[in-house]
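K.L.:
Sequence lines, in order, name chains A and B. Note that the first sequence covers residues 4 to 504 in my numbering. Note that the second sequence covers residues 17 to 292 in my numbering.
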Amino acid sequence: MIRLIGGEMPGWSEDRPPAGGALYGYLADQLPAGASVLVAGPHEHALVEALAARTAVTCLVRSQPEAERLDARGLDVLCGTLTKLTGADRWDAVVALDGVGRLCSVEGPQYDWAECLRALRNALLPGGILLLTVENELGVHRLVDPAAATAARTDDAWRSLGEFDDSQPGSPARLADRLGAEDLAVDWLGAAWPEPGSPTLIATADALRDGPVDALAAAVASAVASAYTNRMALSDPRRLAAAAVRGGIGPELAAAWLVIAHRAPVPAASLPLPPVLLGDGPVLEVAPGPEGEWVRRVLREVPGRDHAPAGPLPPGRLLEELLLGACLRHDLPAVRGLLAGWMAALPDATPDNVVVAGETFSRLDPSVPARADVLRGFAATLRTGGYAHPWPAATDLRTLTAILHGAAGLPGDIPAMPPGEEPPVLDSRRDHEEQVRSLRRLLADADARAEQYEREIAKRDAELTKARVQIATFSGSFGYRMAKLGYGLARKARQSLRKRT
Amino acid sequence: MHHANHFYGHAHVLAEYCGLDPERPPRIEGYVQHGWNVVDGLGAGTPYFPGRPIFVWSEQTRRRAWSMGRRQATVIGAPFLYLLRFAPPAPEPATRAGTIWYPFHGWESQQVKGSHRRLVEEIAATETGPVTFCLYWNEYRNDRVRAEYEKAGRVICHGYRGYLWQDTDTRFLHHQLSELRAHQRVASNRLSSAIFYGVAAGCEPAVYGDPMQLEREDRATAERIRRQWPELHGKRPEPAAARRSALAELGDGYLASPAELRATLGWALDRAAAAA
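Okay, here's the thing in structure tokens:
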């Protein structure tokens with residue numbers, strides 16, 4: 004049933020995908036059965052329907068066609084703008100995993116972030132639970148975005164404030180403060196990557212601080228990498244995200260924060276959530292095991308989909324980062340040691356899917372498909388990323404791959420490179436800049452060399468001419484040479500006579 | 017690339033290490049450092065072709081080269097260390113005796129100034145065992161200089177360095193290795209490649225005596241060398257520290273495998289085949 008509450012947008016649909024994905028689905032499913040739930044804003048139908056199968060769900064959307072689609076699926080729908088919620092209707096839980104940016108329609112007041120939060124809080128019954136996503140305007144996804152959020156031109160961007168909404172918190176600590184100011188107590192707060200709309204990794208600040216930081220940084224880099232395949236970025240988001248996690252500011256630079264908070268009094272059942280959730284289909288948790296080591300556990304399987312196995316999280320640092328670090332330090336023995344260890348242990352795993360702890364090389368996610376050209380892939384990363392490395396003159400991919408092959412201690416030559424099949428590399432503007440710079444340098448070097456070669460040829464031509472004259476002068480019998488000399492002199496005399504006349 | 021790559025048979029040693037014909041080393045795509053120095057690894061006056069790499073002995077030299085604008089430097093380690101990898105092992109039991117002494121040398125464009133006689137006297141007063149004087153070809157061919165040393169001991173020369181690919185003694189380093197292995201100590205009046213090679217071949221090093229002077233030489237460099245490597249100077253430096261330092265200058269630990277070196281020098285098998 005649809006109830007039009009005012010401010011609805013007839014004939015208009017959202018032009019960006021709704022919030023969803025495996026992790027949001029899993030989180031929504033943790034709400035207690037039998038509770039009344041308001042799902043505020045656009046969410047994937049799968050998420051809403053799974054929730055509706057367990058409990059009473061009301062959807063709040065501004066798009067009337069969307070309201071009709073939800074209604075057709077038998078859902079209860081409020082269609083209109085957030086400002087029309089009166090407070091007369093209240094729920095045990097409010098799910099706002101899309102954030103608050105798509106709750107107000109074009110009609111009526113345009114709430115800022117804090118006003119939206121208050122409206123959602125007012126929709127909660129005492130003891131009610133709020134699931135809220137807050138986009139980080141300084142998150143890695145924003146920092147590497149070639150387009151500014153304030154320059155959005157989508158149909159829903161009639162009031163695109165980006166970082167100019169001063170009421171929106173800019174850090175997890177300030178988010179908790181703002182919630183506290185609205186009498187909302189935080190039960191769980193996670194940092195999410197790679198994007199606010201459908202994260203594939205959510206980790207609490209405690210896990211990022213006290214957990215296996217290097218392995219979590221690797222997992223974050225991997226989550227970010229998959230979001231940027233075939234997509235332009237300003238700079239490599241993997242480095243930024245992983246460096247932030249290792250540097251202790253992972254949550255501050257995460258794409259979004261996911262918070263679960265409640266209105267007083269404390270609800271009877273709290274949501275049982277692990278320190279780390281990951282997955283883009285199957286869902287896994289990562290949490291401390293009985294002996295203190297961090298362990299992966301499968302929470303949700305998906306038929307036909309592989310996932311990382313349950314068991315201890317492989318410790319150590321991402322191989323790709325270790326290799327890049329050793330290259331930047333020009334530490335050839337370390338580079339060779341890492342390459343050799345990698346090729347001996349996991350020769351078909353890409354270096355962004357291998358973690359290294361001491362002498363142990365482990366595959367981070369065994370469900371990632373194997374590749375035969377992983378050395379070539381790393382050579383491409385070195386080249387396109389503009390990383391300094393010990394073989395700066397090896398500017399073509401084939402030579403650099405051959406060097407890495409040798410440095411890894413592998414026998415024989417590198418396998419033939421299939422034409423046109425370049426290993427996948429991240430497409431970033433910074434890399435483009437570096438490639439242009441590098442091509443300019445190659446061209447200038449080639450020009451300078453060509454000039455030097457020309458000078459060298461001119462010098463040698465002169466030497467050759469001289470040598471030919473000498474050879475001609477001293478070749479043949481004495482009589483022949485005298486005759487030739489006489490003939491030459493006679494010719495010169497005739498030429499000079501002709502010039503005078 | 018440049019005839020200095022063939023000096024002392026360096027290219028020949030590298031080719032043999034790579035499993036190629038040591039008599040006909042392929043053209044190296046860059047410049048191999050042909051002697052120890054405290055600049056960018058290249059000899060003075062080497063024409064530098066932009067974009068072509070220089071292959072230096074040590075990471076320290078690479079850093080120095082970078083600071084001097086040579087961006088394309090790759091550390092490969094000294095060719096002498098590659099020779100040690102494939103040369104037949106030293107005879108057992110070791111029959112080392114005395115000192116091999118390398119007086120500071122000049123070359124075609126710069127001669128050494130100083131008293132060889134006084135140097136010989138100081139050496140005789142310091143060394144307790146027999147002394148072999150190894151003269152550079154430049155001094156060896158000078159009868160007057162050679163005679164000064166012949167009065168005090170055995171005088172040898174490892175061969176001619178080579179020039180414009182001509183008359184190169186391609187087994188220069190082989191001769192040097194077998195002589196070094198026959199001696200207990202290696203000494204010179206200047207810190208030089210020979211001292212480092214001696215250490216790598218198992219000799220105890222010493223650097224003492226009148227350092228003499230090259231024509232038009234900038235003495236500040238020589239003084240800088242003494243300040244930076246005090247552990248290698250003196251009549252009897254502490255051997256362990258001296259060895260560590262000397263091996264680092266040769267790039268010990270940085271040597272490439274034959275396959276890596278081939279690819280680095282532009283000697284990949286497919287390219288070598290195409291060039292032939």
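We put the beta carbon where it would ideally sit given N, CA and C, even for glycine. These numbers were taken from a predicted model, which means no experiment stands behind them.
1) Strictly below 9 Å CB to CB, what residues from chain A border residue 67(B)?
2) Given this structure, state the Cα-to-Cα distance separating residue 292(B) from residue 283(B), to the nearest angstrom.
3) May I ask you to report which of helix, strand or coil DSSP gives residue 28(A)?
4) Relative to chain B, which residues along the segment 311-338 of chain A have a C-beta separation below 7 Å, given in chain order?
5) Give me the residue from 253(A), 308(A), 417(A), 4(A) with the minimum Cα distance to residue 79(A).
6) On the three-state DSSP scale, how would you describe residue 336(A)?
7) Report buried or exposed for residue 473(A), applying the criterion of at least 16 other Cβ atoms within 10 angstroms of its Cβ.
8) Mind pulling the chain A residues with CB within less than 8 Å of residue 270(B)?
9) Given that residue 57(B) touches chain A, what residues does it touch there, using C-beta distances under 8 Å?
10) Within 10 angstroms of the Cβ of residue 280(B), are there 16 or more other Cβ atoms? Answer buried if so, exposed if not.
11) Taking the beta strand (DSSP E) that residue 165(B) belongs to, which residues open and close that run?
12) For the segment 171-250 of chain A, list the alpha helix (DSSP H) runs that are entirely contained and at least 4 residues long, ordered along the chain.
13) Cβ of residue 284(A) within 7 Å of any heavy atom in the ligand NAD?
14) Taking DSSP's pairing of strands, which residues face residue 431(A) in a bridge?
15) What first and last residue would you give for the alpha helix (DSSP H) that runs through residue 210(B)?
16) Just checking my contact of residue 215(A) with residue 321(A) at CB under 8 Å: how many whole Å lie between their CB atoms?
17) Taking the straight line between their C-alpha atoms, what separation do you get for residue 13(A) and residue 65(A)?
18) Please list, in chain order, the chain B residues whose beta carbon lies closer than 9 Å to that of residue 438(A).
19) With 7 Å as the limit, tell me which residues of the segment 89-109 of chain B have their beta carbon closer than that to any beta carbon of chain A; keep them in chain order.
20) Report yes if the C-beta distance between residue 535(A) and residue 286(A) is below 8 Å; otherwise report no.
21) Smallest Cα separation from residue 439(A): which of 369(A), 388(A), 48(A), 468(A)?
22) Do you know offhand how far residue 463(A)'s Cα is from residue 455(A)'s?
23) Could you pull the start and end residues of the alpha helix (DSSP H) that residue 234(B) belongs to?
24) Could you please tell me which residues of the segment 180-214 of chain B, in chain order, have their CB closer than 9 Å to any CB of chain A?
25) Is any beta-carbon of chain A found at less than 8 Å from that of residue 20(B)?
26) Is the CB of residue 177(B) under 8 Å away from at least one CB in chain A?
27) Would you say residue 460(A) faces chain B, with C-beta separation under 8 Å as the test?
28) List, from N- to C-terminal side, the beta strand (DSSP E) runs of 3 residues or more that fit wholly inside the segment 77-122 of chain A.
29) Would you be able to state if there are at least three C-beta pairs under 8 Å between the segment 116-125 of chain B and the segment 198-216 of chain B?
30) So, under 8 Å CB-CB, residue 278(A) and residue 207(A) are touching, yes? Tell me the CB distance rounded to an integer number of Å.
31) So if DSSP puts residue 265(A) in a beta bridge, which residue, or which two residues, is it bridged to?
32) Taking only the alpha-carbon atoms, compute the straight-line gap between residue 311(A) and residue 304(A) and give it to the nearest angstrom.
33) By alpha-carbon positions, which one of 503(A), 209(A), 204(A), 405(A) ends up nearest to residue 29(A)?
34) Tell me which residues of the segment 247-266 of chain B have at least one Cβ-Cβ distance to chain A shorter than 8 Å, keeping chain order.
35) Please confirm whether residue 31(A) and residue 98(A) have their CB atoms less than 8 Å apart.
36) Are there 16 or more other CB atoms within 10 angstroms of the CB of residue 379(A), so buried, or fewer, so exposed?
P.N.:
According to the structure shown:
1) Simply 396, 398, 444, 445, 447, 448, 449, 451, 452.
2) Note that residue 292(B) scores a pLDDT of 40, beneath 50, so its modelled location is shaky and nothing firm can be said.
3) Here residue 28(A) sits in helix by DSSP.
4) From the segment 311-338 of chain A, only 333, 335, 336 have a Cβ closer than 7 Å to chain B.
5) Just measuring C-alpha positions, the residue of 253(A), 308(A), 417(A), 4(A) sitting nearest residue 79(A) is 4(A).
6) Helix at residue 336(A).
7) Residue 473(A) sits exposed, since fewer than 16 C-beta atoms from the chains shown fall within 10 Å of its C-beta.
8) Within chain A, the residues near residue 270(B) are 335, 336.
9) The contacting residues do not exist; residue 57(B) stays about 14 Å from chain A at best.
10) With 16 or more other Cβ atoms within 10 Å, it is buried.
11) Membership of residue 165(B) in any beta strand (DSSP E) is not indicated; the residue belongs instead to the alpha helix (DSSP H) covering 159-166.
12) Correct list: 175-184, 208-213, 216-230, 240-249.
13) For the ligand NAD, the structure offers nothing, since it holds no ligand at all.
14) Here residue 431(A) is bridged, per DSSP, to 236(A).
15) Start and end: 209-216.
16) Not quite, the Cβ-Cβ distance comes to about 12 Å (not below 8 Å), so this is no contact.
17) For residue 13(A) and residue 65(A), the gap between their C-alpha atoms comes out near 9 Å.
18) Among the residues of chain B, none has a CB under 9 Å from the CB of residue 438(A); the nearest is roughly 16 Å distant.
19) Here the close residues are 90, 91.
20) Coverage of chain A is limited to positions 4 through 504, which leaves residue 535(A) absent and any answer about it impossible.
21) Comparing Cα positions, the closest option is 388(A).
22) Each residue's Cα considered, the two are about 12 Å apart.
23) Where residue 234(B) is concerned, there is no enclosing alpha helix (DSSP H), given that its DSSP letter is neither H nor E.
24) Residues are counted here when their Cβ sits less than 9 Å from a Cβ of chain A; for the segment 180-214 of chain B the count is zero.
25) By this cut-off, residue 20(B) is not an interface position.
26) False, the Cβ-Cβ gap to chain A never drops below 8 Å.
27) Chain B contact via Cβ: absent.
28) Runs of the beta strand (DSSP E) lying entirely within the segment 77-122 of chain A, each at least 3 residues long, are 79-83, 94-99 in chain order.
29) The answer is yes - the segment 116-125 of chain B touches the segment 198-216 of chain B, with three or more Cβ pairs under 8 Å.
30) Confirmed, about 5 Å.
31) Note: residue 265(A) sits in a beta bridge opposite 132(A), 188(A).
32) Distance between the alpha carbons of residue 311(A) and residue 304(A): 11 Å.
33) Checking every option, the nearest Cα to that of residue 29(A) belongs to 204(A).
34) Cβ contacts with chain A: none found.
35) In contact: residue 31(A) and residue 98(A) (Cβ atoms closer than 8 Å).
36) With 16 or more other Cβ atoms from the protein chains shown falling within 10 Å of its own Cβ, residue 379(A) counts as buried.
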